[in-house]
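S.K.:
Residue numbers (full-length UniProt numbering): 1 to 368.
(1) What number of angstroms, rounded off, separates the C-alpha of residue 134 from the C-alpha of residue 299?
(2) Tell me where the beta strand (DSSP E) around residue 24 begins and ends.
(3) Specify the secondary structure class of residue 223 as computed by DSSP and reduced to three states.
(4) Would you grab the beta carbon distance between residue 71 and residue 59 for me? Rounded to a whole angstrom, and I think it's under 8 Å.
(5) Can you tell me the Cα-Cα spacing of residue 31 and residue 63, whole angstroms?
(6) Which residues in the same chain as residue 15 place their Cβ atom closer than 6 Å to its Cβ, once the five residues preceding and following it in sequence are excluded?
(7) Is the Cβ-Cβ distance between residue 44 and residue 87 less than 7 Å?
(8) How many whole angstroms separate the CB atoms of residue 219 and residue 127, which I take to be in contact at a CB cut-off of 8 Å?
(9) When burial is assigned at 16 or more other CB atoms within 10 Å of the CB, is residue 206 buried or exposed?
(10) Assign residue 69 to one of three DSSP states: helix, strand, or coil.
(11) Does DSSP put residue 41 in a helix, in a strand, or in coil?
(12) Rank 80, 250 and 292 by C-alpha distance to the C-alpha of residue 19 and give the top, closest one.
(13) Can you give me the start and stop residues for the alpha helix (DSSP H) that residue 34 sits inside?
(14) Alpha carbon to alpha carbon, what distance is there between residue 24 and residue 17?
(15) Count the other C-beta atoms from every protein chain shown that fall within 10 angstroms of the C-beta of residue 130, then say buried if there are 16 or more, exposed otherwise.
(16) Provide the residue(s) that pair with residue 57 in DSSP beta bridges, ordered along the chain.
(17) Just the C-alpha distance for residue 378 and residue 96, rounded to the nearest angstrom, thanks.
(18) Let me confirm a value: residue 91 is counted as buried when at least 16 other C-beta atoms fall within 10 Å, else exposed. Which label applies?
(19) Enumerate in chain order the residues of its own chain whose CB-to-CB distance from residue 284 is below 7 Å, with the five nearest sequence positions on each side excluded.
(20) According to DSSP, is residue 228 helix, strand or coil?
(21) Where does the unbroken alpha helix (DSSP H) through residue 287 begin, and where does it stop?
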């Protein structure tokens, strides 16, 4: 006992272990932020620890099958289940639920999904693809049969309408509702698959979320619009980003002041700094182009789109008026030098005649 106290170890006396060393078990993921699933695991060592009240508690050093040994961790007994058929069913159900949740949120990226979920995710994606293929084949078959049986269908539909008028409307209203439900389910499944394969999740800061919610409230419910042009506008924001990045690069230049850089390893050559600044300018210019194209299509509410159309049309008419006003001035500036040149040539000839002493008795005048 004294040796245990000197070495800092806790005695195992009075502690009952439910599992033994080397036993294969199923273990929950202790991190609550990750998917709640059961992993195939193995008990490496029995550990005795103390809780906040100083009481001895049983813990287990767990190795997760297929994981690196650096991921081994001590887990409390409540996170471990025995490996039996009943818990295997629970493991499968939890994996399917977690896979469905990942597909709905669009986070089913195969490289970042645990191995235990890949099988369930791939199974669900294959089922959806199979349903879509069957739906397309059914639509093709129906399109070919409708052209062949168009005459018989018209006759049958008229007979069915007469029978439906006699029997009542109750049975006729049930079928379209069922069809609509099936279409809605299929559309939602297609949207889930698109979200799982073609989109990505973006973590929006809470402050920006609140700003967007306020903007939605004032525009859609209060029917308020912003006064344009705004200050600062998008160009101002992008230019400030480039300026800030350039200032940071300047502080890391190898030719700059030594005290402006954090350390010698942070210094950059001038050519690398210029290359990075050029890349930053290209990236910002791409954002500007993306914003210009996405603004009328994605980033505005319906009332804001009308405001955008009015402002764009007014700017176009204003630019046309400016071009029309500038055209006469351009013509005048082009013709004016010619008249001046003629005037100067005439005065030059008169001055030459006067200097040469010509009068009314000149040969040219006499010949006339």
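We put the beta carbon where it would ideally sit given N, CA and C, even for glycine.
M.R.: With the structure as the only source:
(1) Locating residue 134 in the chain shown gives position 134, where the first residue counts as 1. Locating residue 299 in the chain shown gives position 299, where the first residue counts as 1. Each residue's alpha carbon lies about 37 Å from the other.
(2) Within the chain shown, the letter at position 24 stands for residue 24. Note, residue 24: beta strand (DSSP E), 24-28.
(3) Here residue 223 refers to the residue found at position 223 when the chain shown is read from its first residue. Reduced to three states, the DSSP call for residue 223 is coil.
(4) Your numbering for residue 71 matches position 71 in the chain shown. Your numbering for residue 59 matches position 59 in the chain shown. That pair is no contact at about 16 Å.
(5) As a first step, residue 31 is located in the chain shown; it is residue number 31 there, counting from the start. As a first step, residue 63 is located in the chain shown; it is residue number 63 there, counting from the start. Looking at the two C-alpha atoms, the distance is approximately 15 Å.
(6) Counting from one through the chain shown, the residue named residue 15 turns up at place 15. Counting only Cβ-Cβ distances below 6 Å, and skipping sequence neighbours, we find 48, 56 and 58.
(7) Your numbering for residue 44 matches position 44 in the chain shown. Your numbering for residue 87 matches position 87 in the chain shown. No. Outside cutoff.
(8) The count along the chain shown starts at 1 and reaches residue 219 at position 219. The count along the chain shown starts at 1 and reaches residue 127 at position 127. That pair is no contact at about 41 Å.
(9) Position 206 of the chain shown holds residue 206. Answer is exposed; the Cβ neighbour count stays below 16.
(10) Counting from one through the chain shown, the residue named residue 69 turns up at place 69. Note: residue 69 maps to helix in three-state DSSP.
(11) If you number the chain shown from 1, residue 41 lands on position 41. Strand, per DSSP.
(12) Residue numbering aside, residue 19 sits at position 19 when the chain shown is read from its first letter. The residue with the shortest Cα to Cα distance from residue 19 is 80.
(13) Reading the chain shown from its first residue, position 34 is the one you call residue 34. Run containing residue 34: none; DSSP gives neither H nor E here.
(14) Start at 1 with the first residue of the chain shown, and residue 17 comes out as number 17. Start at 1 with the first residue of the chain shown, and residue 24 comes out as number 24. Cα to Cα, the separation comes out at about 15 Å.
(15) Within the chain shown, the letter at position 130 stands for residue 130. Label assigned to residue 130: exposed.
(16) Against the chain shown, residue 57 aligns to sequence position 57. In the DSSP output, where bridge partners are listed per residue, residue 57 has 49.
(17) The question about residue 378 has no answer here: the residues shown for the chain are numbered 1 through 368.
(18) To locate residue 91, count along the chain shown from 1; it is residue 91. Residue 91 comes out buried.
(19) In the chain shown, counting from the first residue as 1, residue 284 sits at position 284. These residues qualify, in order along the chain: 238, 241 and 242.
(20) Residue numbering aside, residue 228 sits at position 228 when the chain shown is read from its first letter. Coil.
(21) The residue labelled residue 287 in the question sits at position 287 within the chain shown. Start and end: 270-294.
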